[in-house]
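Written below as structure tokens is the structure these notes are about.
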Amino acid sequence: DAGVTQTPRHEVAEKGQTIILKCEPVSGHNDLFWYRQTKIQGLELLSYFRSKSLMEDGGAFKDRFKAEMLNSSFSTLKIQPTEPKDSAVYLCASSFGDRDTQYFGPGTRLLVL
Amino acid sequence: GEQVEQRPPHLSVREGDSAVITCTYTDPNSYYFFWYKQEPGASLQLLMKVFSSTEINEGQGFTVLLNKKDKRLSLNLTAAHPGDSAAYFCAVSGNSNNRIFFGDGTQLVVKP
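Written out as structure tokens, the structure reads:
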């Protein structure tokens, strides 16, 4: 079985641009998570979906971050407009649910100039 | 909500020494506990999932101890080797929904 896949692996954007990150969860998993990872803040939860429904939308990130899950096998995270402080690694994870183990994708390393 | 504190943030040991990383949590109803390893440039990989009913959990080259009374979870790497050099994260699953709360991570360096 394929694990969580994320594309692109690296993204460079100019300040003010719109970027879209993509994630495909493990087949059969019901829950999908988006995290941002930085050295200073550690792992921060951005969004959490259960069976495609948005369960949690990290309050501090609502302004310019929008995660969507149009079907059970694909999710996007849009950042609009990007700012230099958004430079980080964005991780997607999925799980069966009910406090089950989260499996992480390889991440997208974003650099905003 | 759940608060997870992980210590130390950085740890350097010699090859063959043991390395201990500890997390404390606040929710006494926490039920699932996790340790993840993140090698440089890679994503988080699950080391072990621990249930609240088991206090001592043996892995390959490491032991995870759970002290529910003190709300403390520890990862003990016995006889560390350079391949263990990585960031380690603990995670605690709260009693409601599927939220998992992560510690801030420990950067472990094992010197030859």
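Chain order of the listed sequences is S and D. In this text, residue positions in the first sequence follow the working numbering: the first is 1, and each later residue adds one. In this text, residue positions in the second sequence follow the working numbering: the first is 1001, and each later residue adds one. Quick reminder that beta carbons are idealized off the backbone N, C-alpha and C, glycines included.
Sub-8 Å separation of residue i and residue j beta-carbons
i        : j        : result
S94(S)   : V4(S)    : yes
N976(D)  : S1018(D) : Nothing can be reported for residue 976(D): it is not among the residues displayed for chain D, which extend from 1001 to 1112.
T1022(D) : S1074(D) : yes
Y90(S)   : L111(S)  : no
N-terminal and C-terminal residue of the beta strand (DSSP E) that residue i is part of
i        : result
H1010(D) : H1010 to R1014
K1049(D) : L1044 to F1051
H10(S)   : H10 to A13
T1024(D) : A1019 to Y1025
S1093(D) : A1086 to S1093
V4(S)    : Taken as a continuous stretch (DSSP letters only), V4(S) belongs to no beta strand (DSSP E), as it is neither H nor E.
Residue i in three-state terms, based on DSSP
i        : result
K62(S)   : coil
D1104(D) : coil
Buried or exposed (CB count within 10 angstroms, at least 16 for buried), residue i
i        : result
L113(S)  : exposed
P25(S)   : buried
F1051(D) : exposed
Q6(S)    : buried
T1054(D) : exposed
Integer-rounded CB distance, given that residue j should sit under 8 Å from residue i
i        : j        : result
S1043(D) : P106(S)  : 5 Å
T38(S)   : A88(S)   : 5 Å
T1026(D) : R1072(D) : Their Cβ separation, rounded to whole angstroms, is 11 Å, which puts T1026(D) and R1072(D) out of contact at 8 Å.
F1089(D) : Q1045(D) : So it is not a contact: roughly 10 Å between Cβ atoms.
A1079(D) : G1061(D) : 7 Å
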